[in-house]
Amino acid sequence: MQREITRRKFIVTASLATGFALAVQPISADAIATDGKGLIAGAVKIPVQGGEIPAYRAMPAEGSNFPIVLVIQEIFGVHEHIQDVTRRLAKLGYLAIAPELFVRQGDVSKLSSINEIRPIVAKVPDAQVISDLDSTVAWAVKSAKGNADRLGITGFCWGGRITWLYAASNPKVKAGVAWYGRLVGDATALQPKHPVDIASSLTVPVLGLYGGKDTGIPLTTVDQFRDRLKSSRSKSEIIVYPDAPHAFFADYRPSYREKEAKDGWKRLQAWFKQHGV
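Under the numbering used here, residue 283 is the last one in the sequence shown; the count climbs by one each step, no gaps.
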């Protein structure tokens, strides 16, 4: 994948969201709140090409050489839900880090509707994202006691798509878990490839978790993608929960489905363990 992005210096004025993104209000009573007891958790800055980006990092308070998990945001940015997911992973012994990958294009956490957010996200180049994730891994190893030989990635919705693409871009990734990420699409200058385009050449094992009632990701595209995966060496798998909608893991939204979310979380842990993350 093309990795060149602009060398123009940029200044990060946005900080990480505190609380949930404005566009997802009101918050469901089912929203999970994971405390920071026994953890080092909070905002950090990641040096990237041309400047710095904010990120949320959580890891055990004691120890070192932690396996690294990149946590890739939904369209709503690195708001409280994504930060909570990093803490859940840190409780399992991981160094989990969620870089804010839209920051050059805008602060989506303060926008009131998804229709305002989409034009900003549409301007985010895949090459920029891949480069920023490479930089995040480098920072995790150098500055946060991370083990580069035990690298995993998981992402949700927008981040699910990126999970597939980054696994294809970085063969050092041991395993990935993609939650309902879009699989097909038209090639553009900013998004030249989609997961379906890299499926047959994928070498990293990725577990895809999808909803059978996801109106934005038709099962026909999931089946098309699964067929492409059969010719790869990755031993990736696709799980479809027949009655689940899109964003079934998002416990702060009406789309949350507790049974499927808990099963998916167990599968994530087993998948990472199986593949050495």
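The beta carbon of each residue, even a glycine, is placed where N, CA and C say it ideally should be.
Where residue i sits in the DSSP three-state scheme
i: residue 94; result: helix
i: residue 304; result: Because residue 304 is not part of the residues shown, which for the chain are 7 to 283, the question remains open.
i: residue 110; result: coil
i: residue 124; result: helix
i: residue 248; result: coil
i: residue 53; result: strand
i: residue 7; result: Confidence at residue 7 is low in this model, with a pLDDT of 39, below 50, so the placement of that residue should be treated as unreliable; the coordinate-derived value is given next. Here residue 7 sits in coil by DSSP.
i: residue 132; result: helix
Cβ neighbour criterion (16 or more within 10 Å) applied to residue i
i: residue 124; result: exposed
i: residue 280; result: exposed
i: residue 69; result: exposed
i: residue 264; result: exposed
i: residue 115; result: buried
i: residue 45; result: buried
i: residue 81; result: buried
i: residue 78; result: buried
i: residue 138; result: buried
i: residue 157; result: buried
i: residue 31; result: exposed
i: residue 221; result: exposed
i: residue 251; result: buried
i: residue 211; result: buried
i: residue 187; result: buried
i: residue 166; result: buried
Any non-hydrogen atom of the ligand PLP closer than 7 Å to residue i Cβ
i: residue 116; result: The ligand PLP is not among the ligands present in this structure, which contains no ligands whatsoever.
Own chain residues within Cβ distance below 8 Å of residue i, not counting five before or after
i: residue 238; result: 205, 206, 207, 208, 209
i: residue 83; result: 23, 27, 106, 108, 113, 114, 115
i: residue 234; result: 202, 205, 206
i: residue 21; result: 49, 60
i: residue 231; result: 189, 190, 201, 202, 205, 214, 244
Beta-carbon contacts of residue i that lie in its chain and below 6 Å, excluding the five residues immediately before and after
i: residue 120; result: 29
i: residue 257; result: 36, 37, 38
i: residue 12; result: Its pLDDT being 43, under 50, residue 12 is placed unreliably in this model, and the value from its coordinates should be taken loosely. Correct list: empty, nothing qualifies.
i: residue 174; result: 204, 208
i: residue 200; result: 190, 191
i: residue 85; result: 23, 26, 27, 115
i: residue 40; result: 90, 93, 94
i: residue 246; result: 216, 218
i: residue 197; result: 132
i: residue 74; result: 101, 146, 152, 157
i: residue 283; result: 73, 156, 158, 180, 181
i: residue 130; result: 108, 111
Residues bridged to residue i (per DSSP)
i: residue 185; result: 162, 215
i: residue 63; result: 48, 103
i: residue 72; result: 152
i: residue 83; result: 80
i: residue 264; result: Residue 264 pairs with nothing; no bridge assigned.
Residues near residue i in its chain [Cβ-Cβ closer than 7 Å; skip 5 each side]
i: residue 255; result: 162, 185, 267, 270
i: residue 42; result: 93
i: residue 117; result: 28, 29, 123
i: residue 9; result: Legend: pLDDT at residue 9 = 39, less than 50; position of this residue unreliable, value from coordinates given subsequently. Taken in chain order, the residues that qualify are 133, 136, 137.
i: residue 277; result: 181, 183, 213
i: residue 177; result: 209, 210
i: residue 14; result: Its pLDDT being 46, under 50, residue 14 is placed unreliably in this model, and the coordinates cannot settle the point.
i: residue 126; result: 108, 111, 112, 114
i: residue 249; result: 218, 219
Specify whether the stretch 139-147 and the stretch 45-62 touch according to this definition: at least 3 beta carbon pairs, one from each stretch, less than 8 Å apart. yes
contact_flag[the stretch 174-190, the stretch 97-107] where n(CB pairs < 8 Å) is 3 or more: no
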